[in-house]
Structure formats: structure tokens, C-alpha cells
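Remarks on the structure that follows.
Protein chains: 2
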Amino acid sequence: MGERQLLMIPGPTPVPASILLAGARPMVNHRGPEFKAALDECTQGLKRVFQTKGEAFILTASGTGGLEAAIVNFLSPGDLVLSVSIGVFGNRFAKAASIYGANVEKLESEMGKAADPAKVKERLAADTKKEIKAVLVTHNETSTGVTNDLASIAKVVGGHGALLLVDAISSLVAMDCRMDEWGLDVVVAGSQKAFMIPPGLVFVAVNERGMQAMETAKMPRFYFCLKEAKRYLDQGQTPWTPAVPQVFQLQASLRLIGKEGLQNCFARHARLSRAVREGVKALGLKLLADEAVASSAVTAVRKPEGIEVAAIRKLMLQKYDVVLAGGQGSLKDDIFRIGHLGLVFETDVIACLGALGLALKELGWKCDPGAGAGAAVKALGG
Amino acid sequence: MGERQLLMIPGPTPVPASILLAGARPMVNHRGPEFKAALDECTQGLKRVFQTKGEAFILTASGTGGLEAAIVNFLSPGDLVLSVSIGVFGNRFAKAASIYGANVEKLESEMGKAADPAKVKERLAADTKKEIKAVLVTHNETSTGVTNDLASIAKVVGGHGALLLVDAISSLVAMDCRMDEWGLDVVVAGSQKAFMIPPGLVFVAVNERGMQAMETAKMPRFYFCLKEAKRYLDQGQTPWTPAVPQVFQLQASLRLIGKEGLQNCFARHARLSRAVREGVKALGLKLLADEAVASSAVTAVRKPEGIEVAAIRKLMLQKYDVVLAGGQGSLKDDIFRIGHLGLVFETDVIACLGALGLALKELGWKCDPGAGAGAAVKALGG
Numbered sequence: 251m252g253e254r255q256l257l258m259i260p261g262p263t264p265v266p267a268s269i270l271l272a273g274a275r276p277m278v279n280h281r282g283p284e285f286k287a288a289l290d291e292c293t294q295g296l297k298r299v300f301q302t303k304g305e306a307f308i309l310t311a312s313g314t315g316g317l318e319a320a321i322v323n324f325l326s327p328g329d330l331v332l333s334v335s336i337g338v339f340g341n342r343f344a345k346a347a348s349i350y351g352a353n354v355e356k357l358e359s360e361m362g363k364a365a366d367p368a369k370v371k372e373r374l375a376a377d378t379k380k381e382i383k384a385v386l387v388t389h390n391e392t393s394t395g396v397t398n399d400l401a402s403i404a405k406v407v408g409g410h411g412a413l414l415l416v417d418a419i420s421s422l423v424a425m426d427c428r429m430d431e432w433g434l435d436v437v438v439a440g441s442q443k444a445f446m447i448p449p450g451l452v453f454v455a456v457n458e459r460g461m462q463a464m465e466t467a468k469m470p471r472f473y474f475c476l477k478e479a480k481r482y483l484d485q486g487q488t489p490w491t492p493a494v495p496q497v498f499q500l501q502a503s504l505r506l507i508g509k510e511g512l513q514n515c516f517a518r519h520a521r522l523s524r525a526v527r528e529g530v531k532a533l534g535l536k537l538l539a540d541e542a543v544a545s546s547a548v549t550a551v552r553k554p555e556g557i558e559v560a561a562i563r564k565l566m567l568q569k570y571d572v573v574l575a576g577g578q579g580s581l582k583d584d585i586f587r588i589g590h591l592g593l594v595f596e597t598d599v600i601a602c603l604g605a606l607g608l609a610l611k612e613l614g615w616k617c618d619p620g621a622g623a624g625a626a627v628k629a630l631g632g
Numbered sequence: 251m252g253e254r255q256l257l258m259i260p261g262p263t264p265v266p267a268s269i270l271l272a273g274a275r276p277m278v279n280h281r282g283p284e285f286k287a288a289l290d291e292c293t294q295g296l297k298r299v300f301q302t303k304g305e306a307f308i309l310t311a312s313g314t315g316g317l318e319a320a321i322v323n324f325l326s327p328g329d330l331v332l333s334v335s336i337g338v339f340g341n342r343f344a345k346a347a348s349i350y351g352a353n354v355e356k357l358e359s360e361m362g363k364a365a366d367p368a369k370v371k372e373r374l375a376a377d378t379k380k381e382i383k384a385v386l387v388t389h390n391e392t393s394t395g396v397t398n399d400l401a402s403i404a405k406v407v408g409g410h411g412a413l414l415l416v417d418a419i420s421s422l423v424a425m426d427c428r429m430d431e432w433g434l435d436v437v438v439a440g441s442q443k444a445f446m447i448p449p450g451l452v453f454v455a456v457n458e459r460g461m462q463a464m465e466t467a468k469m470p471r472f473y474f475c476l477k478e479a480k481r482y483l484d485q486g487q488t489p490w491t492p493a494v495p496q497v498f499q500l501q502a503s504l505r506l507i508g509k510e511g512l513q514n515c516f517a518r519h520a521r522l523s524r525a526v527r528e529g530v531k532a533l534g535l536k537l538l539a540d541e542a543v544a545s546s547a548v549t550a551v552r553k554p555e556g557i558e559v560a561a562i563r564k565l566m567l568q569k570y571d572v573v574l575a576g577g578q579g580s581l582k583d584d585i586f587r588i589g590h591l592g593l594v595f596e597t598d599v600i601a602c603l604g605a606l607g608l609a610l611k612e613l614g615w616k617c618d619p620g621a622g623a624g625a626a627v628k629a630l631g632g
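As you go down the protein sequences, you meet chains A and B in turn.
Just so you know, we're using my numbering here: the first sequence kicks off at 251 and counts up by one.
Just so you know, we're using my numbering here: the second sequence kicks off at 251 and counts up by one.
This is the structure:
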């Protein structure tokens, strides 16, 4: 009936009522004391969740705007850039670099696989003249539900010395991403993912090496200029008028995350994702990704033979008010995706798998329709 | 006490409670039917307020992002661009063009003056080889409270044939801006101004000539690419995840504006701005701009001799909960600005001038402290 949906997509994710209301407070001057207090608190809180002592910037844009910022502030036209892409969002990051004049070399993996750190190492080792200026990596590839071994990739990039630019839009807060410990130079995260706030903001964290690279980078930048962002942040402001409601919502979100504890938050996402995978398998469906690299944020499920993805999504939405995502890129009609990040609980996962069992049965799939919910309950400790 | 502020700045402007709550509805899939319906309604509604049959795009960014979009989608590096700048925002528009490689020629006016259409005509007439590819104009210069005679400027630009790119961020909905009738090719407007919604969205309207120019424009663009925006809009979507709450708020705003009627809305802004000017003068203060070119959205007031702008703003905020804006650029300490656009009523203007009288008296200014409110009431028909 549409009055209460179970939003199981990999962003935007459900927003807690307290965060919805934090965005509904009367407007304030974005150059006044109330906003400054919120911005300062958010900046400090972001550094904690990025696990960095570096800089953290809040930009008014969607995740893609953050990817553009992570390119144009650190590179110059003609720079050789190694794109370690494992899907649609890896390709998007590479495209941003190439549009602004970088010379992009792609190290691609098959959709559904993780990047092989050994292959990254091999390519970087061959670059004896140190021509590669930066490596682009997606931490969690939302289009396939695969999480890269970012710590290992960072280690090999560190050995070479290229800048490491990381898309952590759908991983941050859901999965461990140790910016300083692993040596990530620039990391991008989005508001509408595990932060549980509406879309509208993107966060870009930059370490000292990144800040230095900014000094010589020559790609054109205006709206996304982080030098301007830094200059204003030092006064408790943003260069341009920010999405004020989302900043107050970020403040509320960071307090909630602080209360749960970052490690507990990672553990919750891991536990729920395991329950989703067990449930999906119990319904006789196949996972796209190998479980060793499966994402804690989103699970990609192969289309059951003889049933269209569109039919499953339509029935789930219209009859059970459960919103699932389709496939993207070359996997468009081959998979559907279940998002389980941000404000998602045990009960949501169980309910989603129960509805999926009912929908699949109705569409003619041979399975025990209750097996999915049952397996999820069992995986959750039942 | 800070619990209820009178926000009299030129954006962000106060948001009606019904619009605040429209942004607090539970999150939806930005690629689903509920969002598509809102986006379609907003796009049609925007065309009405832009007074155009052209395209209208909704981007997740602040106004400055829209200015960047109005440059990079229509120009190529090396293009000669005439910047008709009368203040901080005119300079910002020019800077965006120059950063992306345009050859920017400035036709500046003194801060507080409007652009002279005859001078624009003269410069364009001298361009017999038609080297000038575009003219940049600010409709309402927020930093000085001056409104340009856009119809006349558009007429002379039309005679030359250059593209006319217009910053109408703080004018649209507050002042008449007839995109099609006047022949404006690209027009930018912001959510946090007369639309009465929070910051986070910028609107870019493009006519057919603009859409054609997009085909050959070579400046790099990714996040702000309007070709992508058009491709997705045709499916009821945006290329990147949009600020969903602000889109629902725009839907509510456009319905409110439709109910008031665009002409009534312009008349209300003109009436209130006249009351502000009369009140300010009655307190013995001087206006920055000549009244013939005074803005309906914001009024710039010269600093009273012997009293600092910062002191006035501080007292107004701390004692009377009235938020005023300071000066910008070269006028930083010379003026303060009173915003009166969006959700502003007769009572707000009267209250603001009353508080200003009290504050000025307390700061030692010789005046009848009630004269401002009195003159405002009189100007409003009292």
C-alpha cells in the first residue's frame, strides 16, 4: 500500500525519525554561530569515523561529486592514473579522472570479483620510473556487492609511492576503513549510506600527503575546490551555502554512531549481511560474489532461472512494500541487490527474506518459501 | 534567547513549517515511482516559474555549483566571454568561467550601481567579428542589493547573438524574470532564496539555443554534466543520487507559489522592499543603491557613522533574535544587508525595523527609534 516501505537498497537508506526531525528545525544563517557549532562537531566526528587525524570536508553534492573532488584537487591533466576497477562505481571514478585529462590505465576485474592486490603490486613494480601518480580504488563496489581488500592494496601502493584515492562511499561506517593506519591519502564517503542521513552531502577526508598534492594539482576546479573548503572551514564555514538540514542530520547521526560504537556498527553490518546470504541461499538462489569478498553493505543475487529481475522487484514492491535494487551496467538484468546498511535491523532482514520467499513462490520458483527467513534467523543466532 | 529567530538575510531564508515537514518524510528510492512523480511535477513547476518552455534541471549543489554548470556545459576553453559584473556574485560567475579556461573580459560597474545596457551594447557593437561567445549577467546582485535591467541587457545581447548566461539565484520567484520573452539562454536559480526551501538544490533552465550550444561545448564536466541530466530526466531520474528531501520540499514550495500566484509574489516582494527602504531612511540611515535599481530581495544599508556593522549585527542577534547579513568583498565593513525574500511578511519587516531602531539607539545613534517601524507601516498602506 506504500504507507510503510522496507527500503532494502544500497542507498538512500532509511533515516531514523530522530534524524528526519533534526533536518526539520528552522533554518539558520550558514555563517552564524549555530551552524559553526554543528559544522565543527561534524568535522571532528567525521575524523573519528574516517579513523584519521587528517582533514575532513563536507561538500553539498552526491557521492559522485565527491569522486570528482577526489580527482580534480589532487591531479593534473596528463597524469598517469591506475584505475583498479571492479564494477560500475570503479568505472565512474575512472571516468571522472579521464574527463579532466588524466591518462587512465585500467586494471579491471570481472564483475563480481575483487581486485587482486598481487596484480596491483605487479603493475606498480613495473613502473620503475614512477610515472603512475595515483591509484583509484573502490572499497566497496555497490554494483556487485564486493568489498576489496583495501588494507592489502594500500600496502602495495604505499610501497610504490603513488597517491591512493579511495571511493568508500558505501563502505564507511558499515565496514572498517582505517584511513591513517592503512595509509589512504584521500577517502570519499556519502551521507545516504551507513550514515543513515538523506542524500545531499559527501565527505572527503584528506591526509597530509593529499594536502601537499593539492598544492601542485592543476586540474580545473571551482565548486569542488578543497583549498577554498579548507580556508572557510578554519572559520567554521563552507565556501558556498551548504545543505544546512543535512549538516544538522549528520550531527545527529554521528552522535548515534558514537553511541553504538564504530566496532559494534561494523559487527552489526557483518552479522546482518551473513544472515542475508544464508537466507538467499536457503531459497535456492545463487550469490554473485564469493562469500570471502562479500560486502557487509549490499548483497547481489543472481536472477533465478526463468524469472525476470523486474518481476521480482515489482511484486516485492507492490505486494510487500519491500524495495530492492536491480542490477547495474552489464549485470542490469542478471542480478538484483539487497541493501542492508545504515538503519537496518535483524527484523528487517528476516522480514525481507520472508517476503522474498513468498514472492518467489508466487512467481513459480520451486522452493520452501519460509526457508529464507528461517535460515536468516538461524544465522542470527536462532 | 535564540529559540525563535527572525532570519532577515538574503539566504538561506526562513522555511515554512509545511515545507520543513515535507522534507521529513521517510526516505524513498530515488529511482522509484514516488520520486519520479515528484521530480516530474517539480520540473513542470520550475518551467512555470522560469517562464520558459525550455528545459529545467535540478542539481544537488548550492548556487555556485549552478553557476559552474552554466559555464562548463556551454563554453569551450579559449572562448571570449563578456562578464557584466556589478559585485561579488558577478565576479564569482566570471571566476568560474576563467578557471575553466574562458578568456574573460570584464565590464564592471562600481559596487552599488547597476550595469548600463548602453555600455554592454557599445562593447558588443565593437565586436564585429563576433568573437564574444557569451555574456554573463547577474540579475540581482545579492552583495549590493542592486537589480540589473535584465530585459534591456538581454535585448542588446540578442542583437549581437552571443549566448546570454544569467545568474538569477536570488531573483527568481522574487522578481519578474521572463526567460523566453526576454531571450535568456541559460538561467540559474537557488533553492534557499525565494523558493523558501533549505539550501541543497540549484536549478538550471536552458532554452533551445543553450541546448544546441551544449553539443559543441568542450569544457570538462562530469558531476554537473547537463547532457547526463537530460538523459536521466527523460526517465524521471537524476544521474546521481539527489537531495531527496529538498526535492519533496520543492514540490511543496511550487504548490505554495502556484497558490499565491507568481505576479502576486513579485508584488509582495516589491511592496516589502519598499517598506524596508522607507524604514531604514526614517532611522536616518543611507541606502547603498539608488532606489530606481533597488532589489526586491535584499537591501544594503550604509554603516552609520561611528558605529561598526559588527556591533549592530551582534546586538540585533543577541538581544532581538534578528539575523542580519554583513557586507561582502570591498564593502565588507561598510554596509549591512537586510534580506526580505521568500517567507517574509509585513509583520517581519515592521518587527525588524523596530528592533533596528532600538539597537541603533542603544549604540548611540541619534534617531527616533520608532520612526523605522512607523515608516514601514506607512509604506505598507498605514
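Here a beta-carbon is modelled for each residue, glycine too, at the ideal position from N, C-alpha and C.
Measuring alpha carbon to alpha carbon, tell me which residue in the options is nearest residue i.
i                : options                                   : result
Glu596 (chain B) : B:Ala418, B:Ser523, B:Val299 and B:Lys371 : B:Ser523
Gly633 (chain B) : B:Pro554, B:Glu541 and B:Ala547           : Absent from the model: residue 633 (chain B). The displayed extent of chain B is 251 to 632, so no value can be given.
Ala575 (chain A) : B:Arg281, B:Leu608 and B:Ala267           : B:Arg281
Gly232 (chain B) : B:Glu612, B:Ala368, B:Val322 and B:Gly460 : No information on residue 232 (chain B) is available, as it lies outside the stretch 251 to 632 that chain B covers here.
Ala404 (chain A) : A:Gln294, A:Ala347 and A:Val370           : A:Val370
Ala288 (chain A) : A:Gly614, A:Gln496 and A:Gly556           : A:Gln496
Met429 (chain B) : B:Pro449, B:Gly440 and B:Ala401           : B:Ala401
Glu372 (chain B) : B:Val599, B:Val299, B:Thr293 and B:Leu332 : B:Leu332
Trp432 (chain B) : B:Gln578, B:Phe300 and B:Gln501           : B:Phe300
Val385 (chain A) : A:Gly579, A:Leu413, A:Gln513 and A:Leu581 : A:Leu413
Ser420 (chain B) : A:Thr491, A:Glu478 and A:Leu434           : A:Thr491
List, in order along the chain, the chain A residues whose C-beta lies closer than 7 Å to that of residue i?
i                : result
Leu259 (chain B) : Leu is not the amino acid found at residue 259 (chain B); the sequence shown has Ile there. Within chain A, the residues near Ile259 (chain B) are Asn279.
Anything in chain B within Cβ reach of residue i, meaning under 8 Å, just list it in chain order.
i                : result
Lys263 (chain A) : For the record, residue 263 (chain A) in the displayed sequence is Thr; it is not Lys. Going along chain B in sequence order, the residues near Thr263 (chain A) (Cβ under 8 Å) are Met277.
Gly282 (chain A) : Leu567 and Val573
Excluding five sequence neighbours on each side, which residues of the same chain lie with their C-beta closer than 6 Å to the C-beta of residue i?
i                : result
His410 (chain B) : Leu374
Leu606 (chain B) : Gly622
Gln499 (chain A) : Ile269, Ala272, Gly273 and Ile447
Lys297 (chain A) : Ala306
Leu608 (chain A) : Pro619
Starting from residue i, find everything on chain B with Cβ-Cβ shorter than 7 Å and list it in chain order.
i                : result
Tyr227 (chain A) : Residue 227 (chain A) is absent from the model: chain A starts at 251 and stops at 632.
Tyr473 (chain A) : Ala311, Thr314, Gly315 and Glu318
Thr491 (chain A) : Gly261, Pro262, Ser312, Gly313, Gln442 and Pro449
Under 9 Å between beta-carbons, which chain B residues line up against residue i? List them in chain order, please.
i                : result
Leu270 (chain A) : Gly273, Ala274, Arg275, Pro276, Met277 and Pro495
Who are the Cβ neighbours of residue i in its own chain at under 7 Å, not counting the five residues just before and after it?
i                : result
Ile336 (chain B) : Ser359, Lys363, Ala364, Ala365, Thr388, Glu391, Thr394, Val396 and Asn398
Ala320 (chain A) : Leu415, Val436, Val438 and Val454
Gly450 (chain A) : Thr310, Ser441, Ala493 and Gln496
Val338 (chain B) : Ser393, Gln578 and Gly579
Verify the contact flag: residue i, CB atom, against every heavy atom of the ligand GDP, threshold strictly below 8 Å.
i                : result
Ala344 (chain A) : This structure does not include the ligand GDP; it has no bound ligands of any sort.
If the cut is a Cβ gap below 9 Å, which residues of chain A does residue i touch?
i                : result
Ala346 (chain B) : Phe472 and Tyr473
Beta-carbon within less than 8 Å of residue i's beta-carbon, same chain only, minus the 5 sequence neighbours each way: which residues are those?
i                : result
Arg254 (chain A) : Asp571
Leu506 (chain B) : Pro266, Ser268, Ile269 and Met446
Asp467 (chain A) : As written in the sequence, residue 467 (chain A) is Ala, which differs from the Asp given in the question. For Ala467 (chain A), where only same-chain residues beyond five positions count, the Cβ hits under 8 Å are Val322, Asn323, Phe324, Leu325 and Ser326.
Asp290 (chain B) : Gly486
Ala560 (chain B) : Gly576 and Asp583
Phe474 (chain B) : Leu309, Ala311, Gly315, Glu318, Ala319, Val322 and Asn323
Glu381 (chain B) : Leu330
Assuming residue i and residue j are in contact, meaning their beta carbons sit under 8 Å apart, how far apart are those beta carbons, in whole angstroms?
i                : j                : result
Leu538 (chain A) : Ala550 (chain A) : 4 Å
Met469 (chain B) : Ser546 (chain B) : Going by Cβ atoms, the distance from Met469 (chain B) to Ser546 (chain B) rounds to 33 Å, so no, they are not a contact pair.
Arg521 (chain B) : Leu630 (chain B) : 7 Å
Gly261 (chain A) : Lys443 (chain A) : 5 Å
Ala626 (chain A) : Ile588 (chain A) : At roughly 11 Å, the Cβ-Cβ gap does not stay under 8 Å, so Ala626 (chain A) and Ile588 (chain A) are not in contact.
Subject >> Interfacial residues, the stretch 569-587 of chain B to chain A, with Cβ spacing under 7 Å >> reply: Val573
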